[in-house]
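Counting from 55, one number per residue, gives the positions in the sequence shown under our numbering.
Virtual Cβ for every residue (Gly too), placed ideally from N, Cα, C.
Each remark here refers to the structure printed beneath this line.
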Amino acid sequence: MISPEDGCVQVTAHNIPASWSCLRLSHFIANLDSGVSVNGNGRPAAEGEQGVLKVSSVTLGYFNPRENKLIKDEDIKRSKTSPKTGAIIISRSNTPSLVGASAFIDKDYPNLFLPDKLWQTVYCKNVSFSKKWLAYYLACEYVRFKLTSFATGSSSSMCNITKSELLSLPVYTPPLSEQKAIADILSTWDRAIEKTEALIAAKERRKKGLMQQLLTGRVRFGEFAGQEWQEKPLGALFEEVKDVVGEKDIPPYSISAGIGFVSQREKWGKDIAGRQYSKYTHLRKGEFAYNKGNSKRYQCGCAYLVRESDEISVPNVFISFRKKHNNICADFYEHFFIANYHSRELKKYITSGARSDGLLNLNKKDFFKILVPCPLYAEQKAIADVLNKSVAEIEAHQKQLSALKEQKKGLMQQLLTGKMRVKGV
55 MISPEDGCVQ VTAHNIPASW SCLRLSHFIA NLDSGVSVNG NGRPAAEGEQ GVLKVSSVTL
115 GYFNPRENKL IKDEDIKRSK TSPKTGAIII SRSNTPSLVG ASAFIDKDYP NLFLPDKLWQ
175 TVYCKNVSFS KKWLAYYLAC EYVRFKLTSF ATGSSSSMCN ITKSELLSLP VYTPPLSEQK
235 AIADILSTWD RAIEKTEALI AAKERRKKGL MQQLLTGRVR FGEFAGQEWQ EKPLGALFEE
295 VKDVVGEKDI PPYSISAGIG FVSQREKWGK DIAGRQYSKY THLRKGEFAY NKGNSKRYQC
355 GCAYLVRESD EISVPNVFIS FRKKHNNICA DFYEHFFIAN YHSRELKKYI TSGARSDGLL
415 NLNKKDFFKI LVPCPLYAEQ KAIADVLNKS VAEIEAHQKQ LSALKEQKKG LMQQLLTGKM
475 RVKGV
């Protein structure tokens, strides 16, 4: 693990160090080039094609070139301003939390172009400074707060900042040698973050492959080879949970596709059950709920297993269910639902036409008719154990990633404001 103290010494003074200067951003940046608004198709540009960047390509300190849309043929000639090596791209128009977000560009992207809502820096000539250091400075929490204060527009929609406001930003400027040292230290954290992200992506791909092979019976454990899987109606294995909250005080939860059960207070900042709360379904650990809301990832709805809490309550529009007997491995079926293998069967029963509440047209009786695989309990358990181990590995790396990002965030706040100094510079 990298130590934040390596190469650094704490500064107790509240003001910037005596060897530092407070300059305007215009001392470093002469101009800000923007792109133009062009029409794009729904998909990203493939190799050899031209794409226009989405605003979402720039988040807090990170550039994602895959966030682009293929430019329509008739608009290619109008596109201009490609991302250049060493430049910083800044979002001039975005949501309140992301307006002014910026990212350093590590190489040329000749086939990608900026939209009108992104700026690219044009640096002042004859001024020596570390571009990477400046990029880190613009992404630090202190500067993010300042940029947000410049923004105009609705607090709940898109906000804007002007060139003059951005270029007037005060920049705490250390000597060039310290700029480079700060950039080197923070780059070390970036490399560790990128390495961990790549590891997580590889583990995710491995887990997906395991699910495709194990949950479909394409790959079998040796001791179960030759034993055919049965298919059974869901209702033969599970029964509906009809317990209601009534007068009990049980925390209300909802379901977010791709995440699972989420506390209503955490998701919306308050409980939204209202008068319907007493009719909410009372779920216990080891029981399931199916959300009929469709999403990009789960167009036929999603189902999750209650894992973390002993008991929760969920809206009664969810279809809640539990296993009928102990010879069923709930974890096996949780992975089956997460893999979205229930959708093929559900399509047989979901009727067309939108409901006023946005939910899919599917009744409980038909839901319990869907066919699901039913290997022997021992094989269900063996498959679930492998997939649970894969999930645990990913979660461990995600915790490590979160820790690295928090360390970097703290270091940026300390190093870029002069509260912590680099040793030997």
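Note on geometry: alpha-carbon atoms of Cys354 and Lys249 lie some 35 Å from one another. For the set Pro427, Arg319 and Arg132, the Cα lying nearest the Cα of Arg272 is the one of Pro427. For Phe292 and Asn417, the gap between their C-alpha atoms comes out near 16 Å.
For the 8 Å CB-CB criterion, Asn122 and Val109 do not form a contact. Counting along the chain, no beta strand (DSSP E) covers Thr139, and no H or E run does either. Ranked by how close their Cα comes to the Cα of Ala343, the residues Ser367, Lys350, Asp325 and Arg351 have Ser367 in first place. For the 8 Å CB-CB criterion, Leu414 and Ile239 do not form a contact. The three-state secondary structure of Ile70, taken from DSSP, is coil.
Contact between the segment 175-191 and the segment 202-220 is not established, with fewer than three Cβ pairs separated by less than 8 Å.
Linking Phe117 to Leu168 through their CA atoms gives a straight-line distance of about 12 Å. Looking at the DSSP output, Trp173 sits in a beta bridge with Ser88 and Ile144.
Between the segment 284-301 and the segment 327-338, the count of C-beta pairs closer than 8 Å reaches three or more; the two stretches touch.
Excluding its 5 nearest sequence neighbours in each direction, Asn148 has C-beta neighbours in its own chain below 8 Å: Val109, Gly154, Ala155, Lys171, Met212 and Cys213, listed in chain order. Where His389 is concerned, the enclosing alpha helix (DSSP H) starts and stops at Ala384 to Ile392. Between Pro228 and Ser73, the CB-CB gap stays under 8 Å. Here the C-alpha atom of Gly340 lies approximately 20 Å from the C-alpha atom of Leu269. Taking 8 Å as the cut-off, the Cβ atoms of Glu258 and Ile448 count as close.
Distance check between Ile70 and each of Tyr226, Leu124 and His379 places Tyr226 closest, using alpha-carbon atoms only.
Bounds of any beta strand (DSSP E) do not take in Leu465; it lies within the alpha helix (DSSP H) bounded by Tyr431 to Leu469. Shown here, Ala343 sits in a strand according to DSSP, grouped into three states. If you draw a straight line from the Cα of Trp283 to the Cα of His451, it comes to about 34 Å. Counting only residues of its own chain and dropping the five nearest sequence neighbours on each side, Met265 has a CB closer than 7 Å to the CB of His389, Ala393 and Leu441.
Relative to the Cα of Asn93, the nearest Cα in the group Lys131, Cys76 and Leu79 belongs to Lys131.
Annotation for Ser88: Thr135, Leu168, Asp170, Leu172 and Trp173 place their beta carbon closer than 7 Å to its own, counting only its chain and skipping 5 residues before and after.
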